[in-house]
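Quick note on my numbering: the sequence shown kicks off at 68 and runs consecutively. Glycine included, each C-beta is placed from N, C-alpha and C at the ideal position. Working notes for the structure below.
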Amino acid sequence: MRSRRGFLGGAAAAGLAPAFWTHASAQARLAADPFRVGVASGEPLPDGVVLWTRLVTNPEALGAGMAPDRVEVRWEVAEDPALTRIVRKGDATARPEGGHAVHVEVEGLKPDREYWYRFTAGDHASAVGRTRTAPDPGADVQRLRIAYGSCQKWESGYYAAHRHLAADNPDLVLFLGDYIYEKAANPEEAIRLHPPTDAVDLATYRQRYAWYKADPDLQAAHAAAPWIVMWDDHEVSNDYGGDADRTPLTRDLFLKRRAAAYQAYWENMPLRRSSRPSGAKMPLYRALDWGRLARLAVVDDRQYRDGRTCDAVAEGKRIPYDCPERLAPKRSILGRDQERWLERRVSDTQARWNFLGQQTLMGELRVEDGRVSNDGWDGYPATRRRILETWRDASVANPIALGGDVHCFFAGDLALERGGRAIGTEFVGGSITSFGRPNKSLAGALLVNPHLKYAEGEKRGYGRVDITPKACTVTFRGVHNALDKASPVRDLAAFVVEDGRPGVKRA
Ligand SMILES: [Fe+2]
């Protein structure tokens, strides 16, 4: 039997023609489908997009079922879903040291149009994914639909939200963190179980991603549109910030763990080479333009933040509102370089709508006893103030923050002072599956935080953002029951921000 399985980069690297060279073990491994974790695309530009896959024959195994050999993979991009009008194609090498991930930066595409793509390796073909390019920078774009989500703890539910998100046919998916959770699952709270160990090194982080990505509804969401991804804490370790987390690891050991986690994140996301990690550093903040309609800046509030504050007087992560260290003007959740970068991105924009994708709730959230969390923006209020002042001073058109992390839906006004004029608007959450909070406690939070206009903690789901030159409509989409794979979805609430009028208003 003629087999085209298992082309080996090893043979190619040795200067041998690869076409008829196979390696017994790689061939045996590729007897199984290597596309078990699907395909993805991301980072759309007017002339190109990133295509991604990772060869995995067994998503549950440490090592993904792959032999430690290079595998040649082919990719194709077409103008039609049946892949009859191929416009770009090429080869890439999946390397064991890179987790057999493949990142292809396709160029030479036309702006503002749909494409379809797939990968093949040996006799196996991946699913076909749909993607699209961004419009030309000066284009007068009339509409953009972004679906955004976060917090998809695998063992806490099924990904019905992802199925509905894909069916909403977004131009872009924005994922704002907690793509995986690093902890061993608690069987008492789990409806499905991955291995009962924490992800702590490259092998176990890789395994965790493969385990999550084997889910067909998550694969459908990736295959539906290009994604823009940003991490939060659980891609590394709960509540980590900068060079420390809440475990007793020394700084050196924590940075080793962070390097492994960042490497696994890179391998599993449709990112450009410019985001590739080097040791424990990974440059991930970036901005994307959608013609003259929208700019989306996504910021990394984990890697560069100053250490937690007021820990000595904290109850868990809740700290007194008036703890003086919290208010120190130098404290930053983004780090100085990233703050400067963001200031430039929001000052030199021509876009009608200026989105800030970030991980959590940006506005203040006091709980009933007056405390705030030291893990989010309330632990770094000086950064929040600087961003709002920049929005105001640069007269930034229609700033809107999108966030995740809190496992609740929130809609709120962003103002410099309590009760002050709204400078921007924010829409947060919910979570795809991660457990939320009782609405009773959120009702109390709304009373003491009047800038927050809406909260819903009992439903899981995602946000849908429809942008035109005149208005931005945000719809919170909630699944009926995240423990049911087939759960229906409904609109929980919808809000509209009209051009030039910041602040939450019901649609
Ligand atoms: Fe989360």
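Within the same chain, and ignoring the five residues on either side of S414 in sequence, the residues whose Cβ sits closer than 6 angstroms to its Cβ are A461. CA-CA distance, Q209 to G358, rounds to 10 angstroms. At a cut-off of 7 angstroms, the beta-carbon of D472 counts as near ligand 1: some heavy atom of the ligand is closer than that.
Distance from the CA atom of R353 to the CA atom of L428, rounded to whole angstroms, is 19 angstroms. Between H474 and G497 the beta-carbon gap is near 7 angstroms, inside 8 angstroms, which marks them as a contact. Three or more beta-carbon pairs separated by less than 8 angstroms are not found between the stretch 371-388 and the stretch 217-230, which leaves the two stretches without contact.
Pairing M336 with R362, the inter-Cα distance amounts to about 21 angstroms. Non-local C-beta neighbours of P202 in its own chain, meaning closer than 7 angstroms and more than five positions away in sequence, comprise P113, P178, D179, V208, W357 and G358, ordered along the chain.
When distances are taken from the beta-carbon of S554 to the heavy atoms of ligand 1, even the shortest one reaches 7 angstroms or more. In chain order, the residues with a C-beta atom nearer than 5 angstroms to some heavy atom of ligand 1 are C218, D245 and S501. Between the alpha carbons of T264 and K537 lies a gap of roughly 50 angstroms. Around the CB of A482, 16 or more other CB atoms lie within 10 Å, so the residue is classed as buried. Given a length threshold of 3 residues, each whole run of the beta strand (DSSP E) inside the stretch 430-517 is given here in chain order: 466-470, 476-482 and 489-495. Measuring C-alpha to C-alpha distances from T314 to each of I258, W444 and K250 identifies K250 as the nearest.
For G545, the closest alpha carbon among the candidates Y521, L519, I499 and L150 is that of I499. Only residues of its own chain outside the window of five on either side were considered, and among them E110, V117 and E172 have a CB closer than 7 angstroms to the CB of R339, listed in chain order. In the structure shown, P254 falls within a helical segment according to DSSP collapsed to helix, strand and coil. Looking at the DSSP output, F422 shares a beta bridge with L363 and I467. Taking a 10 Å sphere around the C-beta of T151, we find fewer than 16 other C-beta atoms and assign the residue as exposed. In this structure, the alpha-carbon of I258 lies about 32 angstroms from that of R212. G115 is bridged by DSSP to L112. In the DSSP assignment, V546 is bridged to R527 and V556. Residues R212, I213, A214, A291, A292 and R531 of the same chain have their beta carbon placed closer than 8 angstroms to that of P237, with the five preceding and five following residues left out of the count. As the crow flies, the alpha-carbon of R411 is around 22 angstroms from that of D373. According to the DSSP assignment, W357 belongs to the beta strand (DSSP E) that extends over R353 to W357.
Closest option to K280, judged by alpha-carbon separation, among D389, P126, A512 and A561: P126.
Boundaries of the alpha helix (DSSP H) around E410: R403 to S414. With a cut-off of 8 angstroms on Cβ pairs, the stretch 392-407 is not in contact with the stretch 240-247, counting fewer than three such pairs. Between E334 and the set A168, A560, G205 and P135, the nearest pair of CA atoms involves A168.
For A290, the enclosing alpha helix (DSSP H) begins and ends at P283 to A291. Pairing A574 with T540 gives a Cβ-Cβ distance under 8 angstroms. Just measuring C-alpha positions, the residue of Q286, D566 and E525 sitting nearest H547 is E525. Listed in chain order, the beta strand (DSSP E) elements of length 3 or more contained wholly in the stretch 141-224 are 153-161, 168-173, 181-188, 196-199 and 211-216.
When DSSP reads this structure, A395 sits in no beta bridge, so it has no partner.
Look at the beta carbons and you see the stretch 417-435 touching the stretch 285-304: at least three pairs across the two are nearer than 8 angstroms.
Burial of G132 is indicated by the presence of at least 16 other C-beta atoms within 10 angstroms of its C-beta.
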